[in-house]
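Numbering (the working numbering), first residue to last: 15 to 275.
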């Protein structure tokens, strides 16, 4: 028996069996999913990356629509409805009443009223009555008339029984028309006779105050009573005075009858 010498096994110990050659590994199951390479240029999953891009695009589109001017075809949001301001309530009252809102411009009464009424807001009738001479004013009562052009009327009386009626008209045209109706009833021409001479009545003429034209005057006996009619162009007041004595009546008209400014 021939024994071969093995330098790596000098004692001749039995050698372990040589393992059979390795066989190739069996293929992976068909449902096996191999690892996918990660893109070294991004640390985010692809789904999150795509979602972020979509959000950015939507934001850019909304900004573009918002910045587009009206009239470019883009949707323009409706303007905001302004909040209505609450106006201060209007309270009815006289110019001097404390109920008038403080924002209203003040009314200067003193400049519109004769001195006897300054300091208290008069009514329209009181302001008109201030043109009646003070010696007659206490006897006056509001008059009545069917003439719609008359604003205010007062019937007054002197201490010796002369009755005076004052009518304030809206304008000079209406006042002159009322005077002309009485004048035409006398059937005389203008500037006829003299009021200073009763035997020349009916008489009609213009008259002056302090050298300035003031109106016209008619003197006549009406139903047996001496009467003087006159207009005052300064105040648009047409008046009449009736008494029993033409001399006293003329004196009253000259120095007491008014009206006064």
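Where is the CB? At the ideal position from N, CA and C, for every residue including glycine.
Exercise. Would you say the segment 142-151 touches the segment 166-184, given that touching needs at least three Cβ pairs under 8 Å?
Worked result: yes
Problem set entry | C-beta contact flag for residue 186 and residue 241 at 8 Å | no
Exercise. Pairing CB atoms from the segment 218-234 with CB atoms from the segment 150-165, are three or more of them under 8 Å?
Worked result: no
For this session: State the Cα-Cα distance for the pair residue 188 and residue 203, rounded to the nearest angstrom.
Result: 21 Å
Exercise. If you count every other CB in all the chains shown that lies within 10 Å of the CB of residue 109, and 16 or more means buried, which is it?
Worked result: Its pLDDT being 33, under 50, residue 109 is placed unreliably by the model, and the measurement read from it follows with that caveat. Answer is exposed; the Cβ neighbour count stays below 16.
Exercise. Excluding five sequence neighbours on each side, which residues of the same chain lie with their C-beta closer than 7 Å to the C-beta of residue 193?
Worked result: 230, 243, 245, 252
For this session: Identify whether residue 248 lies in helix, strand or coil by the three-state DSSP scheme.
Result: coil
Exercise. In this structure, does DSSP put residue 238 in helix, strand or coil?
Worked result: coil
Problem set entry | Beta-ladder partner(s) of residue 229, from DSSP | 221
For this session: Take residue 260 as the anchor and find which of 236, 159, 247 has the nearest alpha-carbon.
Result: 236
Exercise. Using CA coordinates, which residue listed in 198, 76, 74, 180 is at the minimum distance from residue 267?
Worked result: 180
Exercise. How far does the alpha helix (DSSP H) with residue 264 in it reach, from first residue to last?
Worked result: 260-269
For this session: State the Cα-Cα distance for the pair residue 263 and residue 178, rounded to the nearest angstrom.
Result: 11 Å
Exercise. Any idea what DSSP makes of residue 211, helix, strand or coil?
Worked result: coil
For this session: Can you tell me which of the three DSSP states residue 162 falls into?
Result: coil
Problem set entry | Whole-Å CB distance - residue 207 paired with residue 216, under 8 Å assumed | 6 Å
Problem set entry | Contacting residues, own chain, Cβ-Cβ under 7 Å from residue 248 (five flanking each side not counted) | 228, 275
Exercise. So what's residue 275 in DSSP terms, helix, strand or just coil?
Worked result: coil
Exercise. Just reading off the beta strand (DSSP E) that residue 177 is part of, what are its end residues?
Worked result: 177-183
For this session: Please report the Cβ distance between residue 154 and residue 168, rounded to the nearest whole angstrom; I am assuming they are in contact, meaning their Cβ atoms lie under 8 Å.
Result: 4 Å
Exercise. DSSP beta-bridge partners for residue 170?
Worked result: 178
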